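Quick notes on the structure that follows.
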Amino acid sequence: MASPGSGLTVAFEGCCHGELDTIYATLQLLEARENKKIDLLVCCGDFQAVRNLDDMDCMAVPQKYKKMMTFYKYYKGEEVAPYPTLFIGGNHEAINHLRELFYGGWVAPNMYFLGYSGVVNFGGLRFGGLSGIYNQRHYNLGHFEKLPYNDSTKRSAYHVREQDVFKLKQIQKHIDVFLSHDWPIDITDWGNRDSLIGKKPFFKKEIHEGTLGSPAASELMHALEPSYWFSAHLHVKFPAVFQGNSGKKTKFLALDKCLPKRDFLQVVHFPSATGPKSFSYDEEWLGILRATHKLMNMGRGFVRSPQNFPGVSEDDKNFVKETLQRHGKKIPSNFKVTVSPFSPSSTRRNRGQMPRADSRNPQTEAFLEMLGLPYNLHFGQGRAPPSSRVREEEEIAIPGVSDWANEDDVEDEDDADNDEPGFEPQGASAPNPEEIALDDEEEEEEEEEEEEEEDKNGVEAKDVLDEGTCISAEAGDAFGNVQSNPHENL
Numbered sequence: 000m001a002s003p004g005s006g007l008t009v010a011f012e013g014c015c016h017g018e019l020d021t022i023y024a025t026l027q028l029l030e031a032r033e034n035k036k037i038d039l040l041v042c043c044g045d046f047q048a049v050r051n052l053d054d055m056d057c058m059a060v061p062q063k064y065k066k067m068m069t070f071y072k073y074y075k076g077e078e079v080a081p082y083p084t085l086f087i088g089g090n091h092e093a094i095n096h097l098r099e100l101f102y103g104g105w106v107a108p109n110m111y112f113l114g115y116s117g118v119v120n121f122g123g124l125r126f127g128g129l130s131g132i133y134n135q136r137h138y139n140l141g142h143f144e145k146l147p148y149n150d151s152t153k154r155s156a157y158h159v160r161e162q163d164v165f166k167l168k169q170i171q172k173h174i175d176v177f178l179s180h181d182w183p184i185d186i187t188d189w190g191n192r193d194s195l196i197g198k199k200p201f202f203k204k205e206i207h208e209g210t211l212g213s214p215a216a217s218e219l220m221h222a223l224e225p226s227y228w229f230s231a232h233l234h235v236k237f238p239a240v241f242q243g244n245s246g247k248k249t250k251f252l253a254l255d256k257c258l259p260k261r262d263f264l265q266v267v268h269f270p271s272a273t274g275p276k277s278f279s280y281d282e283e284w285l286g287i288l289r290a291t292h293k294l295m296n297m298g299r300g301f302v303r304s305p306q307n308f309p310g311v312s313e314d315d316k317n318f319v320k321e322t323l324q325r326h327g328k329k330i331p332s333n334f335k336v337t338v339s340p341f342s343p344s345s346t347r348r349n350r351g352q353m354p355r356a357d358s359r360n361p362q363t364e365a366f367l368e369m370l371g372l373p374y375n376l377h378f379g380q381g382r383a384p385p386s387s388r389v390r391e392e393e394e395i396a397i398p399g400v401s402d403w404a405n406e407d408d409v410e411d412e413d414d415a416d417n418d419e420p421g422f423e424p425q426g427a428s429a430p431n432p433e434e435i436a437l438d439d440e441e442e443e444e445e446e447e448e449e450e451e452e453e454d455k456n457g458v459e460a461k462d463v464l465d466e467g468t469c470i471s472a473e474a475g476d477a478f479g480n481v482q483s484n485p486h487e488n489l
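Once you know that position 200 of the sequence shown is 199 in numbering that gives the first Met the number 0, the rest is easy, because the numbers rise by one and skip nothing.
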């Protein structure tokens with residue numbers, strides 16, 4: 000058994016939906032009850048880094064969910080995150096804010112956004128991730144959305160693009176933990192589908208048709224074979240163990256959103272992880288960014304990634320190595336307040352006004368300067384001729400604790416005799432169209448009413464724990480009982 004304080008203990012959270020105070024308080028209460036220390040919080044999307052009412056106007060959510068939560072307190076320095084926090088974007092975000100930090104950056108002190116796609120290191124582990132959700136209509140387009148957004152571009156702006164997936168597919172070295180908001184397609188083949196359908200019967204049709212999830216995430220799971228993969232989006236806990244063509248296994252876990260009686264949090268201990276408990280740049284990823292920088296497309300035309308990409312050149316690798324020797328690998332704490340944060344006492348207005356133009360964040364400028372790269376987030380860059388552009392269409396937005404788990408305990412029997420040290424790569428697959436019917440109307444209304452009832456007096460940490468969502472259990476329960484025959488028919 001690992002000695003106290005050794006290794007790395009990570010709390011993984013599903014959909015955040017701005018409930019930072021509750022999540023942090025839950026972790027603190029959990030630490031006190033379990034007498035263990037959490038080193039890092041990782042959120043799998045719908046973080047909602049809303050700085051003010053103008054940001055709120057850029058977030059695609061139904062009007063009744065437009066609430067100024069508490070992120071602004073962390074942004075302005077009134078509160079400081081008690082745990083280093085890493086997150087990816089989902090489909091309910093202040094997309095204008097995250098767009099400024101396309102390559103990743105601090106949204107507040109001690110809170111780091113992984114970027115639209117990215118890899119960082121923490122505590123000796125490599126964390127990779129892909130923000131947004133899959134939508135086939137926009138997958139092969141550039142990042143054409145610009146401020147001010149309309150109802151359509153406010154949604155398409157968080158749709159995954161192939162050019163960002165392409166960058167992640169250039170990774171050659173092992174990823175320990177990968178994050179996506181929506182699930183890899185067909186991941187339900189590798190877990191207990193009957194149990195999932197029992198909880199969410201309206202998933203059965205999509206599961207049977209093979210449309211529940213993201214093909215892009217599936218591609219990455221097969222290509223990267225990370226040891227662990229965490230997702231959110233569908234508001235239900237679902238464990239699975241995927242085995243790729245290499246024979247290696249990826250332990251997958253989807254988590255719920257922060258509400259009482261919901262499995263929104265999973266704590267995992269990595270006893271063999273050693274390294275500084277701070278965020279640091281990933282050398283391989285920086286080389287990939289240099290090699291793919293000219294491929295960035297911010298236009299509306301069809302984008303096709305190169306078929307015979309030469310990979311990262313020795314020149315790029317040497318440049319990155321020398322740069323990190325000069326600057327150091329630790330990501331600098333260079334957060335700056337760039338807009339006026341929300342003030343509850345302000346009487347000037349009670350609603351926001353969407354910004355009229357995109358802003359350059361000094362963190363992004365400094366990052367690109369460090370890599371010797373020009374700023375490339377101009378709208379229209381790499382734009383295709385008018386004849387090849389895709390017509391903009393309206394979209395329909397669909398809205399969509401924890402066991403202490405030890406990495407060693409979640410290994411299944413097939414891994415028991417494996418003497419190879421460290422983490423093993425793994426694989427999986429995924430699609431998640433925004434159009435899929437996550438709930439039928441009756442079920443959705445019923446669930447919303449239940450959640451609104453739970454939300455009436457706010458969610459408190461003690462309620463989350465006392466309602467049974469954080470009862471200690473066998474560590475193996477973290478990834479559940481998978482089917483002996485993963486391809487058994489529905």
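No residue lacks a Cβ here, since even glycine has one placed at the ideal position from N, Cα and C. None of these values were measured; they are calculated from a predicted model.
When C-beta atoms of the stretch 66-75 are compared with those of the stretch 330-346, three or more pairs fall below 8 Å, so the two segments count as touching.
Checking the DSSP bridge columns, you'll see P183 partnered with S213.
Here K329 is exposed: its Cβ has fewer than 16 other Cβ atoms, across all protein chains shown, within 10 Å. In this structure, the CA atom of V119 is about 33 Å from the CA atom of N149. H180 is positioned such that its CB atom lies no closer than 8 Å to that of H234. M68 sits away from H91, with the two beta carbons spaced by 8 Å or more. Taken atom to atom, the span from the alpha-carbon of R136 to that of R154 is near 12 Å. Ranking K247, T152, L254 and E282 by CA distance to the CA of N134 puts T152 first. Taking a 10 Å sphere around the C-beta of T291, we find 16 or more other C-beta atoms and assign the residue as buried. For the alpha helix (DSSP H) assignment, the uninterrupted runs of no fewer than 4 residues enclosed by the stretch 237-322 are, from N- to C-terminal side, 282-291. Of Y71, M110 and P305, the smallest CA-CA separation from S277 is found for M110.
Assignment of H173 by DSSP, reduced to helix, strand and coil, places it in the coil class. A Cβ-Cβ contact shorter than 8 Å links Q352 with D53. The stretch 162-177 and the stretch 191-209 do not touch, with fewer than three beta-carbon pairs separated by less than 8 Å. With fewer than 16 neighbouring CB atoms inside 10 Å of its own CB, G310 falls in the exposed class.
Within the DSSP secondary-structure output, E12 pairs in a beta bridge with C42 and L264. Remark: C-beta atoms of N51 and P361 do not approach each other more closely than 8 Å. Under the three-state reduction of DSSP, T337 is assigned to coil, being neither helix nor strand. Two segments are said to touch when three or more pairs of C-beta atoms, one from each, lie closer than 8 Å; by this definition the stretch 13-29 touches the stretch 236-256. Listed as beta-bridge partners of I132 by DSSP are H158. Separation of the CB atoms of L113 and F70 is rounded to 17 Å, and the pair is thereby denied contact status at 8 Å. Looking at the backbone, the Cα of K36 and that of L28 are separated by about 11 Å. Comparing alpha carbon positions, the residue from V106, A31 and P83 closest to P275 is P83. Put simply, of L285, S245, D315 and H268 the residue whose alpha carbon is nearest the alpha carbon of T8 is H268.
When DSSP states are grouped into helix, strand and coil, K329 belongs to the strand group. When only Cα atoms are considered, V176 and S5 end up about 19 Å apart. For the pair Q162 and S304, the CB atoms are nearer than the 8 Å cut-off.
For M67, no alpha helix (DSSP H) run applies, since DSSP gives it neither H nor E. As far as DSSP is concerned, T363 takes part in no beta bridge.
By the CB criterion at 8 Å, D45 and G89 fall inside the cutoff. In chain order, E161, F301 and V302 place their CB closer than 6 Å to the CB of N139, counting only its own chain and leaving out the 5 sequence neighbours on each side.
Per DSSP, reduced to three states, the secondary structure at F112 is strand. Around the C-beta of T21, 16 or more other C-beta atoms lie within 10 Å, and the residue is accordingly described as buried. G190 places its beta carbon less than 8 Å from that of P238. Counting every other CB atom within 10 Å of its CB across the protein chains shown gives Q62 a total below 16, marking it as exposed.
Here M297 is not near H207, since their CB atoms are 8 Å or more apart.
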